[in-house]
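Line order of the protein sequences matches chains L and S.
Heads up: the first sequence is residues 1 to 270, going by our numbering.
Heads up: the second sequence is residues 1001 to 1275, going by our numbering.
Ideal Cβ positions, reconstructed from N, Cα and C, are used throughout, including at glycine.
In this text the structure is predicted, and so the values were computed from the model without any measurement.
Data block below; observations after.
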Amino acid sequence: MATHIEPERRTWEPPTAFANKTVKWIVYAVIVVFFLWSAWGVRISFDRLLIGLESGANLIQSMFPPDFGPRQLNLIRIGMIETVAMAIVATVIGVVISLPVAFMAAENIAPKPVYAVGRFLISVSRAFHELIVAIIAVKAVGFGALAGILALSFKTVGFFAKLLAEDLEDIDEGQIEAIRAVGGSRGKVLLYGMIPQVIPRIVGLTIYRWDINIRHSTIVGIVGAGGIGITLLNSFDRYEYDFALAVIIVIVAIVLGAEVLSAVLRRRVQ
Amino acid sequence: MLSVIDLEKTYETDEEALRGVSLEVSDNAIVAMIGPSGAGKSTFIRCVNRLVEPSAGTVWLDGVEVTALPQDDLPEVRRDMGMIFQEFNLVERLTVMENVLSGRLGYVNVWQAYRRKFAPEDIKRAYELLERVGLKGYENVRADKLSGGQRQRVGIARAVIQRPKILLVDEPTSSLDPETSRVVMALLTDIAKEDNIPVLINIHEVSLAEEFSERIVGLRKGKIVFEGTPAELTEGVRDHIYKGSPISEDSPVKETVSTTEVPNLREIDRAGIRG
Ligand SMILES: Nc1ncnc2c1ncn2[C@@H]1O[C@H](COP(=O)(O)OP(=O)(O)OP(=O)(O)O)[C@@H](O)[C@H]1O
Ligand SMILES: [Mg+2]
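Laid out in structure tokens, this is it:
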């Protein structure tokens, strides 16, 4: 080994994701220039920054201590119950609509035209932010929880059907084939060959989506679509910042609680 | 009786998997189909119940022309054909009992299927079969908890409970160890004999074919190159099926291979080598 005469190589460079070094530096330069250009575009002066910081400090000061008075607690309770109820109803409705959409959007199950429709429905649902959907829903059916439920159900389809369709696309064909081979019709193949393979996933995704919907249903109230968001907005409008903080604390607690519960439940189904 | 005439299958990839295969499986016969990997054994079995759509040829099962049926009528005729798979193909998340009873799916409606409402005599039969295959007391165990050998026993029970007119068996032991393979083969052939079900079985291991079948069919490159009893399956014939070597002049099996077939074969083999 030691006598082997191969030229010693003492330098090494990690391979880069870019074609070569020049390209790499050009890409970096473009990123830096783009950042500078954006910063110039909004032109936040140092004075403006100071003013902002000061009013921020004031706001925080006026929030303490949070106001958990009896009237406030009652408003929070009403708002929170509506929020959680909206999330549950929207999850159920959304999942019920998602199930057929997911089967439509699974390439291995649906014929080409049906597949295209399924994918289109999912894309439409995913294209809009929930607040935009909520604004439209409020315009369509008026203020309140109904608009929130509509918006969240609509968003649920994009999430749930997309992930379930992906799972359906890699289910085990052998099990499906076995049910076809015993003389199972399409419906029985679905019941025995496909659904058992994705049931844990359906349960897990439902819980997961419920926890996301809780989070989202706290926010859609901002545009008038029901729930605790309206309570929060009202408190700001009335300059009751201490009440606003109380609402925020409850929202954080509920969202975290839902997240923990969802994680525990999902672990148990898997 | 299963009767297959001039079956051909060319896949979309232009792969000619079957090139005119004719075969009869008469009542309560056990026929083993052997042949090298890629010979078309699985394709043949799957064309019989039309899990794979044949390109040409006809399949008859007890007076029903399977190949003439429209797609919508396939479930009905498939009820009469039990299939056993190499990878068992049990529904993993269902219980042993649900898997066995799924063999009766052709006889309940979708709602009953969903509610698991099978006829009492089917349930009784399922218990009997579970006992027969040595899985008494396993009815509520989920299929994914079973060993390979146990899974194939469930697979056998699922096929037999169909009360099929034929059992189509594709490499039932290839996923099992040699010891388990023999036990499963013995079980399968015993039950078929008891219930008078004819069996067509694809199998890799020649020794198992010789031991458990009455007739052996050798498939090579999509054509039948041998048909005879286990005794007639000599070393020379075996080499011919598996390696394509010509059958020697003094081969005792020569008569069993039709005289028109043998020269044809040699041509095909040479063509195969050239291609
Ligand atoms: N779905 C398919 N599409 C295209 N070609 C296929 C398909 N299934 C099988 N084939 C080809 O058809 C030929 C016969 O395959 P088949 O699976 O029937 O052979 P086999 O005798 O069962 O082999 P093995 O012993 O390996 O299971 C092979 O050349 C294979 O590559
Ligand atoms: Mg095969």
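message: So, does the stretch 1094 to 1112 of chain S touch the stretch 1026 to 1044 of chain S, judging by three or more C-beta pairs under 8 Å?
response: Note that the stretch 1094 to 1112 of chain S does not touch the stretch 1026 to 1044 of chain S; fewer than 3 beta-carbon pairs, one per stretch, sit closer than 8 Å.
Residues that Lys188(L) contacts on chain S, provided the C-beta gap is smaller than 7 Å: Leu1105, Val1110, Ala1113
- prompt: Measuring from the CB of Asn1202(S), is there a heavy atom of ligand 2 at a distance below 7 Å?
  reply: Answer for Asn1202(S): yes, Cβ within range of ligand 2.
query: Less than 7 Å between the CB of Tyr115(L) and some heavy atom of ligand 1, yes or no?
result: no
field: First and last residue of the uninterrupted alpha helix (DSSP H) at Met1083(S)
entry: For Met1083(S), no alpha helix (DSSP H) segment is defined; the enclosing uninterrupted segment is the beta strand (DSSP E) at 1081 to 1084.
- prompt: By Cβ distance, which residues of its chain are closer than 7 Å to Arg1125(S), with the 5 residues on each side in sequence left out?
  reply: Ile1161
- request: Measure the CB-CB distance between Leu277(L) and Val264(L) and report whether it falls below 8 Å.
  value: Residue 277(L) lies beyond the range of chain L shown here (1 to 270); nothing can be said about it.
query: Does any C-beta atom of chain L lie closer than 8 Å to the C-beta of Leu1002(S)?
result: no
message: Considering only heavy atoms of ligand 2, does any lie closer than 7 Å to the CB of Ser1181(S)?
response: no
- prompt: Which parts of the stretch 1161 to 1214 of chain S are runs of the beta strand (DSSP E), unbroken and 3 residues or longer, counting only runs that do not cross its ends?
  reply: 1166 to 1170, 1199 to 1202
Top-ranked residue by Cα proximity to Leu150(L), from Phe64(L), Gly41(L), Ala106(L), Met86(L): Met86(L)
field: Beta-carbon contacts of Gly1148(S) that lie in its chain and below 6 Å, excluding the five residues immediately before and after
entry: Closer than 6 Å at Cβ, skipping near neighbours: Ser1175, Leu1176.
- prompt: Taking Cβ-Cβ distances shorter than 8 Å, what residues in chain L pair up with Gln1152(S)?
  reply: By Cβ distance, chain L contributes nothing, its closest Cβ being about 12 Å from Gln1152(S), past 8 Å.
Beta-bridge pairing of Ser125(L) - partner residues as DSSP gives them: Ser125(L) is not bridged to any residue.
- prompt: Skipping 5 residues on each side, what residues in its chain have a beta carbon closer than 6 Å to that of Glu1227(S)?
  reply: Val1217
task: Determine, using beta carbons only, whether Leu1200(S) and Val1031(S) come nearer to each other than 8 Å.
output: Closer than 8 Å, so yes.
message: Can you check whether the C-beta of Ile179(L) is within less than 8 Å of a C-beta belonging to chain S?
response: yes
message: Using C-beta distances below 7 Å, list every residue in its chain close to Ala114(L), excluding the 5 sequence neighbours before and after it, in chain order.
response: Looking at the sequence itself, residue 114(L) is Val, so the reference to Ala does not match. Cβ within range, chain order: Met104.
- request: Check whether the Cβ of Ser1175(S) lies closer than 7 Å to any heavy atom of ligand 2, and answer yes or no.
  value: No, the beta carbon of Ser1175(S) sits no closer than 7 Å to any heavy atom of ligand 2.
message: Mapping the DSSP letters down to three states, classify Leu1051(S) as helix, strand or coil.
response: coil
field: CB contact below 8 Å: Gly193(L) versus chain S
entry: yes
message: Just to confirm the assignment: which complete beta strand (DSSP E) runs, minimum length 3, are found wholly within the stretch 204 to 254 of chain L?
response: none
- prompt: Should Asn1089(S) be labelled buried (16 or more other beta-carbon atoms within 10 Å of its own) or exposed?
  reply: buried
message: Between Phe1118(S) and chain L, is any beta-carbon pair separated by less than 8 Å?
response: no
task: Starting from Phe64(L), follow the alpha helix (DSSP H) in both directions and report where the run begins and ends.
output: Careful: Phe64(L) lies outside any alpha helix (DSSP H) and carries neither H nor E.
query: Is the number of C-beta pairs between the stretch 237 to 248 of chain L and the stretch 1005 to 1023 of chain S that are closer than 8 Å three or more?
result: no
- request: Consult DSSP for Lys1117(S) and reduce its assignment to one of helix, strand or coil.
  value: coil
message: Which same chain residues end up closer than 7 Å to Ala17(L) when comparing Cβ atoms and leaving out the 5 residues on each side of it in sequence?
response: The answer is none, since no qualifying residue turns up.
task: Kindly provide the ranges of any beta strand (DSSP E) runs that are 3 or more residues long and lie completely inside the stretch 1084 to 1157 of chain S, ordered along the chain.
output: none
- prompt: What did DSSP end up calling Thr1229(S) once you bin it into helix, strand or coil?
  reply: coil
Span separating the alpha-carbon of Ser1181(S) from that of Gly1106(S): Taking the straight line joining both Cα atoms gives about 29 Å.
- request: Using a Cβ cut-off of 7 Å, pull out every chain L residue sitting near Asn1140(S), in sequence order please.
  value: Result: empty, since nearest Cβ-Cβ is about 15 Å, beyond 7 Å.
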